[in-house]
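In our numbering, the protein residues as written are 799 to 959.
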């Protein structure tokens with residue numbers, strides 16, 4: 799009978815057994831690195847103040863409903879066109895707030911200038927891609943309209959309350 803006299807570190811099996819936990823440790827470190835690079839946004843801790851803010855926002859949507867504001871939006875390339883159904887004493891400019899549904903870094907705000915009686919046109923800082931929540935409001939922040947849209951869009955989308 800022949801005995802193996804090689805030391806353990808010259809054998810294949812101990813290195814295979816050591817390699818499995820080492821790979822798991824390296825992948826866990828990589829996952830931790832990715833997690834630290836893409837941290838989620840912070841959750842609000844003052845819920846009472848946030849609740850009051852939500853109620854104020856809802857009042858602005860109700861104000862738009864009371865004024866019977868009806869509008870459609872079309873986003874093509876780096877342009878956004880807002881078309882109102884009728885002139886309800888609108889300002890010279892309106893605000894467009896684009897909020898990305900998952901990535902806060904993609905949020906941006908622009909002003910749209912009047913282009914005719916019922917049209918407002920805004921030049922966007924870049925061509926947006928993905929799903930956005932769009933909030934349209936006036937200069938005095940008395941009313942708001944909103945919609946969730948996928949950009950680039952092929953047709954107009956109706957803004958709601």
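Each residue gets a CB set at the ideal place from its N, CA and C atoms; glycine is no exception.
What is the C-beta distance between residue i and residue j, in whole angstroms, given that I count them as a contact (C-beta under 8 Å)?
i: residue 945; j: residue 894; result: Contact flag wrong, Cβ pair sits at about 11 Å.
i: residue 951; j: residue 888; result: About 23 Å separates the two Cβ atoms, so there is no contact after all.
i: residue 891; j: residue 911; result: 6 Å
i: residue 897; j: residue 860; result: With a Cβ gap of about 20 Å, residue 897 and residue 860 do not count as contacting.
i: residue 881; j: residue 917; result: 6 Å
Are the CB atoms of residue i and residue j nearer to each other than 8 Å?
i: residue 862; j: residue 922; result: no
i: residue 929; j: residue 899; result: yes
i: residue 856; j: residue 941; result: no
In three-state DSSP terms, what is residue i?
i: residue 925; result: coil
i: residue 804; result: coil
i: residue 865; result: coil
i: residue 818; result: helix
i: residue 826; result: helix
i: residue 810; result: coil
Around the Cβ of residue i, are there at least 16 other Cβ atoms within 10 angstroms (buried) or fewer (exposed)?
i: residue 869; result: buried
i: residue 878; result: buried
i: residue 810; result: exposed
Hey, does residue i have any beta-carbon neighbour from chain B nearer than 8 Å?
i: residue 947; result: Among the chains of the structure shown, chain B does not appear; only one protein chain is present.
Segments of 3+ residues assigned as beta strand (DSSP E) that fall wholly inside the stretch 877–922: The stretch 877–922 is shown to contain whole beta strand (DSSP E) runs of 3 or more residues at 877–882, 891–898, 906–912 and 917–921, in chain order.
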